[in-house]
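Numbering (my numbering), first residue to last: 53 to 346.
Step one of this worksheet: look at the structure below.
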Amino acid sequence: MELVIEGVSKKYKGDSYGLRDLSLQIGTGVLGLLGPNGAGKSTLMRILSTITKPTAGKISWNGVDITKDPNAIRRILGYLPQDFGVYPHLNAVEFLEYLASIRGLEPAIARKRIDELLHLVNLYEVRKKPLNSLSGGMKQRVGIAQALLNDPKLLIVDEPTVGLDPEERIRFRNLLSELSGERIVMLSTHIVSDVESTATDIAIVNQGKLVIQATPSELLAAAVGKVWEWVLPGPAWMEIRNQLLISSTVQGSDGVRIRVIADAQPSAESRLVNPTLEDAYLYFISAHKQLATV
């Protein structure tokens, strides 16, 4: 399986762009689409799900141009949008049966598939409870179940963990990882930890453009030698906090421990430390912003 995105742009009124000449090559596994809010992630998700059309460029699924034949991808697509709504007074079974009927699944096949999916997403025991009584994480798992009704080969999930508590977020990430063995899963998020433990490949986007596509280990390797830590007394910290690209700060009894992204040593007291994926993300986003202002 292969999804190829070539030079895709989305232009709005005036000189506003959602995407600019974006290209990606995606195979089986989890692709983490990472970027700040407004980077163009949701625009790309909507284009791939054929909700909207690109202004320019080409998208191919296994060699078929879906910009010319959108049904080629609709048949194998599962989509969980960022704002996933449910009918609150229906239970999970009723809701999934309703969606299955809209999508043309035979009733007997739909019932069997729904039973399998509720077990898969660990909701079988609460299948008869009204959806408005379920937690946010449970509702998101109902969303994954509806996206899997047609056993898709391409599963797109847009900002799925927003509003979930840490335990629900971990459970949801683990579920996506399990689902990626036989399909392409595209996970769009601005939360680095969502992709850190699940993504086989990461694409960082900013201002509608691709910054880099690489494996997590490749991103970490690129940030080696760029991350520094040291402790500053409170007054000194206040003076420099707006002058550096700061990854994190921790207040301690001896001052403020700061973690900084920089190409060169920012202070004689600073020492190099191993980068995290969040450090690498900040490094590439910052470098892209600097290039954009040149």
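Note that the Cβ used here is the ideal one computed from N, Cα and C, for glycine as well.
Contacts around residue i, its chain only, beta-carbon distance under 6 angstroms, and the 5 residues preceding and following it disregarded
i    : result
M97  : I208, D210, S240
G130 : A199, L200, P204, L207
A91  : V257, N258
V56  : Q77, S112
D67  : none
Reference residue i, options the options, closest by Cα
i    : options                : result
P10  : I128, L186, L71, L228  : No information on residue 10 is available, as it lies outside the stretch 53 to 346 that the chain covers here.
G87  : M290, I243, G286       : I243
K261 : E291, K63, N123, N294  : K63
L361 : A197, A273, I313, I298 : No answer is possible for residue 361: it lies beyond the span of the chain, which begins at 53 and ends at 346.
T104 : R235, S61, R225        : S61
T80  : A124, L334, A251       : A251
L296 : S322, L157, G304, A108 : S322
V276 : I236, S305, T328, E248 : T328
E219 : N202, G188, V247       : G188
A320 : N326, V283, D306       : V283
G233 : S68, L71, L83, K65     : L83
I313 : T107, N226, A332, D246 : A332
E270 : E248, P287, P285, G286 : E248
A108 : I154, A124, L74        : L74
Nearest-angstrom Cα separation, counted from residue j out to residue i
i    : j    : result
P182 : K164 : 21 angstroms
A144 : E177 : 11 angstroms
H171 : I254 : 29 angstroms
V194 : R179 : 10 angstroms
Y335 : L157 : 47 angstroms
E330 : P159 : 46 angstroms
T301 : R235 : 39 angstroms
V308 : L228 : 37 angstroms
E58  : K110 : 5 angstroms
R223 : R126 : 28 angstroms
N89  : T95  : 11 angstroms
K93  : L85  : 7 angstroms
S338 : R72  : 18 angstroms
I310 : R221 : 27 angstroms
D315 : N202 : 48 angstroms
A273 : D167 : 44 angstroms
S305 : W289 : 14 angstroms
I292 : Q303 : 15 angstroms
Q134 : A266 : 24 angstroms
H340 : D246 : 22 angstroms
K120 : V263 : 27 angstroms
N174 : I298 : 40 angstroms
Proximal residues to residue i (C-beta, below 8 angstroms), its chain only, five neighbours per side dropped
i    : result
K191 : F136, V138, L183
F147 : V138, Y139, L183, V194, Q198
Y150 : Y139, L142
P122 : T102
V325 : V279, W280, E281, R311
Q153 : The question names Gln, but residue 153 is Ser in the sequence shown. Taken in chain order, the residues that qualify are P159, A162.
For residue i, the first and last residue of its enclosing alpha helix (DSSP H)
i    : result
N226 : 218-231
L175 : Unbroken run through L175: none, as it is neither H nor E.
V287 : The residue asked about is misnamed: residue 287 is Pro in this sequence, not Val. Residues 286-292.
F147 : 144-154
Cβ neighbours of residue i in the same chain (closer than 7 angstroms, five flanking residues each side left out)
i    : result
G101 : Looking at the sequence provided, one finds Ser at residue 101 rather than Gly. Same-chain partners within the cutoff: L129, Y131, I208.
N114 : M53, E54
V346 : For V346, the predicted structure reports a pLDDT of 40, less than 50, and the residue's modelled location is therefore unreliable. The matter cannot be settled from this model.
Q317 : W280
A70  : The question names Ala, yet the displayed sequence has Gly at residue 70. The residues are K62, Y64, G92, T95, G260.
Sheet register partners of residue i (DSSP bridge)
i    : result
Q303 : V308
R323 : E281
S240 : L85, D210
L55  : I78, W113
Boundaries of the beta strand (DSSP E) in which residue i is found, first to last residue
i    : result
Q77  : 69-78
Y131 : 129-132
Q265 : 261-266
D253 : 253-258
A108 : 108-113
Residue i at chain C interface by Cβ criterion, 8 angstroms
i    : result
S101 : Looking for chain C here will not work: only one protein chain is present.
Residue i CB to nearest heavy atom of the ligand FAD below 7 angstroms
i    : result
R309 : The model on display carries no ligand, and the ligand FAD is accordingly not part of it.
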